[in-house]
Each structure stands twice: as C-alpha cells, then as structure tokens.
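**Student:** Before anything else, here's the structure in question.
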Amino acid sequence: KAGVTQTPRYLIKTRGQQVTLSCSPISGHRSVSWYQQTPGQGLQFLFEYFSETQRNKGNFPGRFSGRQFSNSRSEMNVSTLELGDSALYLCASSTTPFTYEQYFGPGTRLTVT
Amino acid sequence: KQEVTQIPAALSVPEGENLVLNCSFTDSAIYNLQWFRQDPGKGLTSLLLIQSSQREQTSGRLNASLDKSSGRSTLYIAASQPGDSATYLCAVKSGNFGNEKLTFGTGTRLTIIP
Chain A
1 KAGVTQTPRY LIKTRGQQVT LSCSPISGHR SVSWYQQTPG QGLQFLFEYF
51 SETQRNKGNF PGRFSGRQFS NSRSEMNVST LELGDSALYL CASSTTPFTY
101 EQYFGPGTRL TVT
Chain B
114 KQEVTQIPAA LSVPEGENLV LNCSFTDSAI YNLQWFRQDP GKGLTSLLLI
164 QSSQREQTSG RLNASLDKSS GRSTLYIAAS QPGDSATYLC AVKSGNFGNE
214 KLTFGTGTRL TIIP
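Following this line, the structure appears as structure tokens:
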C-alpha cells in the first residue's frame, strides 16, 4: 500500500507570493491533517479535514487555508508569504480523525526569501 | 492547554545499551499517545500508538508505556543500534470531541555511538 505523498518536495518562493501544497493520503484514509515544523516552534498543528470538511484548526492566521477533495486528497494554501513561513510542512492521514494512528508524508520544504 | 515535554533534549549512548526516553504531558484527558522517529530532513515514522485505555505497547525492540494519571510515557529501546540514531517525538491527542488535536513534544535527539 502506498504511503502518504506530498508534492512538491521543495519550494522556493519570495515574500508576498502565494503557494499551494498537495497531499495524497493512504488509500482508504479519509482524514488529512497538516502540520508546520520549524526549529524554533517545533511541530504545530495547522488544520484537519475529514470528508471534505475542515474539522478543526490550530492557531494560525487566515493566510493559511486548506481544502479536501472527494478523493480525500488535500491542498494547503498560504497567501502573502512571510519569511517566517519558511518551514517543513507535513501532512498526515488516518482512517478517521478520532483515535486512529496518523501516518506522515515526507513533507514539503518551503523556503521564503 | 496541553503541553508536552521531552527530556533530555539530546542523548548519546554506546551501541548495544538499553535506553529510556521520557515524555510528560500536562492534561491527562487524552485519547492516545503516539511515538514517532524523524530522520534529518525527513517526515515522521510512527513507532507505537497507545490508546488511553492501554498501559503499554511493544514492537520488536521497542516498548512504550503510558501512565495517564501521572501524565507520563516512556519509550524503551533495547539493544540499541546505530540505525536507531534519530530524533524521537511523542505526541498526545487530546481536546473536546470535534476539536481533537495532536500536540507534539520538542523531541529527543538520540545518537548511538558504534
């Protein structure tokens, strides 16, 4: 069974631009969560989608948004990029949101210059 | 607000030794606790998941325990190998239903010395 895939793996953007990251969950998984990892803040929860609906979200500004499609694939968008948005963005999938194990993708490394 | 702490931040041990990594959390009302490893620049690999009703889980040389009442979990690694070198993260899932979140510790960077 294929694991969680994320595209692209690496991105370089300039301040003020916007970016879209993609995540394909493990087949059969309907829950997708996004996390931001930085050396200073560690791993922080961004939001979670289940059955095309945002189920909950972390404490990030409205510039961070996402969506989920009917095939459970998810995209994350960051508008008006800031230098502080440079991070590893990780996506995780699970069967359902509640108590099941989360499986992580390799991440997208975003660098904002 | 759930807070997760991992001590020590870094640990170096000779190959072959048994070792214990610690994780503590402030809110004992958790759904589960998960241990991950992360290699440099890579994503997270799930090692063990312990549901709130369980006391421990084992996989190969790894054993994780959970003491929910005291807000603690340990990851025991037997007969350590150089390939075990990585950062180990624990994460707890907690929060009201419909608002559950996975909160991560800052990790323990483990180095196994050949």
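As you go down the protein sequences, you meet chains A and B in turn. Note that the first sequence ends on residue 113 in our numbering; no numbers are left out. Note that the second sequence ends on residue 227 in our numbering; no numbers are left out. A virtual CB, placed ideally from N, CA and C, is assigned to each residue, including glycine.
#1: In terms of residue numbering, what span does the beta strand (DSSP E) encompassing G42 (chain A) cover?
#2: Assign S186 (chain B) to one of two classes, buried (16 or more other C-beta atoms within 10 Å of its C-beta) or exposed (fewer than that).
#3: L90 (chain A) touches chain B at which residues, Cβ-Cβ below 9 Å?
#4: Give the straight-line distance between the Cα atoms of V205 (chain B) and K57 (chain A), rounded to the nearest whole angstrom.
#5: Candidates A:L46, A:T95, A:C91 and A:E101: which alpha carbon is nearest K155 (chain B)'s?
#6: Pairs of beta-carbons, one from the stretch 128–145 of chain B and one from the stretch 179–198 of chain B, closer than 8 Å: are there three or more?
#7: So what does A92 (chain A) bridge to, in DSSP terms?
#8: Could you spell out the range, first to last residue, of the beta strand (DSSP E) harbouring I190 (chain B)?
#9: What did DSSP end up calling D140 (chain B) once you bin it into helix, strand or coil?
#10: Enumerate in chain order the residues of its own chain whose CB-to-CB distance from G66 (chain A) is below 8 Å, with the five nearest sequence positions on each side excluded.
#11: Should the stretch 212–220 of chain B be regarded as contacting the stretch 167–185 of chain B, the criterion being three or more beta carbon pairs within less than 8 Å?
#12: Would you call F15 (chain A) buried or exposed, if buried means 16 or more other Cβ atoms sit within 10 Å of its Cβ?
#13: N212 (chain B) touches chain A at which residues, Cβ-Cβ below 7 Å?
#14: Per DSSP, what kind of secondary structure is G66 (chain A) in: helix, strand or coil?
#15: Taking Cβ positions only, does R109 (chain A) come closer than 9 Å to chain B?
#16: So, for T139 (chain B): in the same chain, excluding its five sequence neighbours on each side, which residues have a beta-carbon less than 7 Å away from its beta-carbon?
#17: Residues of chain B with CB under 8 Å from F45 (chain A), in chain order?
#18: Using C-beta distances below 7 Å, list every residue in its chain close to Q36 (chain A), excluding the 5 sequence neighbours before and after it, in chain order.
#19: Who does T20 (chain A) pair with in a DSSP beta bridge?
#20: Give, in chain order, every residue of the stretch 142–153 of chain B whose Cβ lies closer than 7 Å to some Cβ of chain A.
#21: What does a CB cutoff of less than 7 Å around G129 (chain B) pick up in its chain, not counting 5 residues either side in sequence?
#22: Tell me whether L83 (chain A) is buried or exposed, calling it buried when 16 or more other Cβ atoms sit within 10 Å of its Cβ.
**Tutor:** Put simply:
#1: G42 to F50
#2: buried
#3: G156 and L157
#4: 16 Å
#5: A:C91
#6: yes
#7: A:S33 and A:F104
#8: R185 to I190
#9: coil
#10: W34, L46, F47, Y49, Q54, S74, E75, M76 and N77
#11: no
#12: The residue asked about is misnamed: residue 15 (chain A) is Arg in this sequence, not Phe. Its Cβ having fewer than 16 others within 10 Å, R15 (chain A) is exposed.
#13: N56
#14: strand
#15: yes
#16: Q115, E116 and G184
#17: K214, L215 and T216
#18: Q44, L46, A87 and Y89
#19: A:N77
#20: Y144, N145 and Q147
#21: A192 and S193
#22: exposed
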